[in-house]
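Visitor: First residue of the sequence shown: 9, per my numbering; consecutive thereafter. For every residue, glycine included, the Cβ atom is placed at its ideal position computed from N, Cα and C. Every value quoted in this text rests on a predicted model; they were computed, and no experiment measured them.
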Amino acid sequence: MKIAYQGIAGSYSESCAKEVYPECETISCKTFDECFDMANKDSKIKTLILAGGKGTRIAEETHLLPKPMINLNNKPMLLHIVDIYLRFNIREFAILAGYKIEKINEYFINNFERVSDKESIYDIGEGVSVEVLDTGEDTMTGGRIKRALDYFDDENFFLTYGDGLANINIASLKDFHSKHDGLATVTAVKPPARFGSLLLEGSVVKKFGEKDQAYEGWINGGFFIINRSIADYISDDSTVFEKYPMEQVSKEDLLFAFTHNGFWHPMDTLRDKTHLEKLWTSGKPPWKVW
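Below is the structure:
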């Protein structure tokens, strides 16, 4: 039986839209969607979600499913990520699949409407389109991106990993990207503090600290905006996106960081999954920006 997607699209008031797009204050809109459409005219920009890896660090789950399809309280991680973008009226998604791609298609076929006999494109409701692309089981992240670029012509696109959640403001990210002349923007985040800290002077412990995220450095948190010319930096399926392409773009001063001080958390291990599920059942999961 097909189900209606229980996401966030169309579920807000106009005043809610104005919280995201203040320019809506000057626009006469009858509905929430009208307000978004006026303030966010390029809402059809595509979001690519990397979902083809084998997720070996959480093999207890990924021997059955690709990591983005692991459920967080009866909802695949993938759809939690989709909801983050939907909050900002981004409604076109491409899943860069590989390992156990059949499990992704099986989920969408069983739950949503497939709109193409030849392609794996699904209408999940509220004008949201999800296309599942077979980018190869052993293809590296750069190769997956380059393959996906053959399927659309957009000058810029969103990109993120299928295993990370955040309460990031996608509208602010896009605005930041539009104001520099670089090729790519990466969201810089502080990783969750997993260990206590020691401040040493020689062999003397001057400060013994509990876990403190403030002492962690900035890391790649995903949630990119990238110009399609990134393809020039990707040679073939063996290219790891985070190696030569990003390192070279950085050397050329074409990579900019959008710093996000809010919530961000990956799902790398069962411990991470348990932590995220507890946050969801608390009733106030930090990544629930809708």
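Identify the continuous alpha helix (DSSP H) that holds Asn119 and give its terminal residues.
Guide: Here residue 119 is taken as the residue at index 111 of the sequence shown, counted from 1. Here the alpha helix (DSSP H) through Asn119 covers 109 to 119.
Visitor: Give me the Cβ distance between Ile196 and His268, rounded to the nearest whole Å; I'm assuming they're in contact under 8 Å.
Guide: For this step, residue 196 is matched to residue 188 along the sequence shown. For this step, residue 268 is matched to residue 260 along the sequence shown. It should be noted that the sequence gives Ala, not Ile, for residue 196. Between His268 and Ala196 the Cβ distance is about 7 Å, and since that is below 8 Å, they are a contact.
Visitor: Just to confirm the assignment, what range does the beta strand (DSSP E) spanning Glu100 have?
Guide: For the purposes of this step, residue 100 is identified with residue 92 of the sequence shown, where counting begins at 1. Looking at the DSSP string, the run of the beta strand (DSSP E) that includes Glu100 is 100 to 105.
Visitor: Look at the alpha carbon of Ile112 and the alpha carbon of Glu209, and state the distance between them as a whole number of angstroms.
Guide: Numbered from its first residue, the sequence shown carries residue 112 at position 104. Numbered from its first residue, the sequence shown carries residue 209 at position 201. About 52 Å.
Visitor: Quick one: using the 10 Å Cβ neighbour count with 16 as the cut-off for buried, is His185 buried or exposed?
Guide: Against the sequence shown, residue 185 aligns to sequence position 177. Flag for His185 reads buried.
Visitor: State the DSSP-derived secondary structure class of Glu285, mapped to helix, strand or coil.
Guide: To locate residue 285, count along the sequence shown from 1; it is residue 277. Three-state DSSP puts Glu285 in a helix.
Visitor: What residue range is occupied by the uninterrupted alpha helix (DSSP H) comprising His185?
Guide: Here residue 185 corresponds to residue number 177 of the sequence shown, with the count starting at 1. Its alpha helix (DSSP H) spans residues 178 to 186.
Visitor: Please tell me whether Ile92 and Ile153 are closer than 8 Å, where the distance is taken between their beta carbons.
Guide: If you number the sequence shown from 1, residue 92 lands on position 84. If you number the sequence shown from 1, residue 153 lands on position 145. No, Cβ-Cβ distance for Ile92 and Ile153 is not below 8 Å.
Visitor: Do you know offhand how far His283's Cα is from Gly229's?
Guide: The residue you call residue 283 lines up with position 275 of the sequence shown. The residue you call residue 229 lines up with position 221 of the sequence shown. One C-alpha to the other measures close to 18 Å.
Visitor: Alpha carbon to alpha carbon, what distance is there between Ser180 and Lys187?
Guide: The count along the sequence shown starts at 1 and reaches residue 187 at position 179. The count along the sequence shown starts at 1 and reaches residue 180 at position 172. If you take the alpha carbons of Lys187 and Ser180, they lie about 11 Å apart.
Visitor: Classify Thr149 as helix, strand or coil using the three-state DSSP reduction.
Guide: As a working note, residue 149 is residue 141 in the sequence shown. Of the three classes helix, strand and coil, the one that applies to Thr149 here is helix, per DSSP.
Visitor: Would a C-beta distance cut-off of 8 Å place Ile53 and Phe166 closer than the cut-off?
Guide: Position 45 of the sequence shown, counting from 1, holds the residue named residue 53. Position 158 of the sequence shown, counting from 1, holds the residue named residue 166. For Ile53 and Phe166, yes; Cβs fall inside 8 Å.
Visitor: For Pro294, which of helix, strand or coil comes out of DSSP?
Guide: Along the sequence shown, read from residue 1 onward, the residue named residue 294 stands at position 286. The answer is coil: DSSP assigns Pro294 none of H, G, I, E or B.
Visitor: I want to know whether the segment 69 to 84 touches the segment 166 to 176 - three or more CB-CB distances under 8 Å.
Guide: The segment 69 to 84, when compared against the segment 166 to 176, does touch it at the 8 Å Cβ threshold.
Visitor: Taking the alpha-carbon of Asp245 as reference, which of Ser258, Pro293, His88, Gly150 has the nearest alpha-carbon?
Guide: For the purposes of this step, residue 245 is identified with residue 237 of the sequence shown, where counting begins at 1. Comparing Cα positions, the closest option is Gly150.
Visitor: When the Cα of Leu104 is compared with those of Asp276, Gly135, Leu58, Met148, which residue comes out closest?
Guide: Translated into the one-based positions of the sequence shown, residue 104 becomes position 96. For Leu104, the nearest C-alpha among the options comes from Leu58.
Visitor: How would you call Tyr107, buried or exposed, if buried means at least 16 neighbouring beta carbons within 10 angstroms?
Guide: Within the sequence shown, the letter at position 99 stands for residue 107. Tyr107 is buried by the Cβ-count criterion.
Visitor: According to DSSP, which residues form a beta bridge with Ala239?
Guide: Position 231 of the sequence shown holds residue 239. Per DSSP, none; premise fails for Ala239.
Visitor: Any idea what DSSP makes of His71, helix, strand or coil?
Guide: Taking the first residue of the sequence shown as position 1, residue 71 is located at position 63. Coil.
Visitor: Run through DSSP, which three-state label would Pro76 get?
Guide: Along the sequence shown, read from residue 1 onward, the residue named residue 76 stands at position 68. Looking at Pro76 - three-state DSSP - the assignment turns out to be helix.
Visitor: Since Lys259 is in the alpha helix (DSSP H), which residue starts that stretch and which ends it?
Guide: If you number the sequence shown from 1, residue 259 lands on position 251. It spans 252 to 259 - the alpha helix (DSSP H) in which Lys259 sits, taken as one unbroken run.
Visitor: Output the boundary residues of the alpha helix (DSSP H) element that contains Leu167.
Guide: Taking the sequence shown and counting its residues from 1, the one referred to as residue 167 is at position 159. Premise fails: Leu167 lies in the beta strand (DSSP E), 164 to 169, not in any alpha helix (DSSP H).
Visitor: Closest to Leu263 by CA distance: which of Gly190, Asp276, Trp226, Lys83 is it?
Guide: As a working mapping, residue 263 is identified with position 255 in the sequence shown. Among Gly190, Asp276, Trp226, Lys83, the Cα nearest to that of Leu263 is on Gly190.
Visitor: Return the chain-ordered list of same chain residues with a C-beta closer than 7 Å to the C-beta of Val297, the five sequence neighbours on each side being excluded.
Guide: Position 289 of the sequence shown, counted from the start, is the residue given in the question as residue 297. The residues are Ile92, Arg95, Asn175.
Visitor: On a Cα-Cα basis, can you pick out the residue from Thr193, Asp125, Trp226, Lys182 that is closest to Pro199?
Guide: Residue mapping note: residue 199 aligns to position 191 of the sequence shown, counting from 1. Of the candidates Thr193, Asp125, Trp226, Lys182, the one whose C-alpha sits nearest the C-alpha of Pro199 is Trp226.
Visitor: Between which two residues does the beta strand (DSSP E) containing Leu56 stretch?
Guide: Position 48 of the sequence shown, counted from the start, is the residue given in the question as residue 56. That run of the beta strand (DSSP E) goes 54 to 59.
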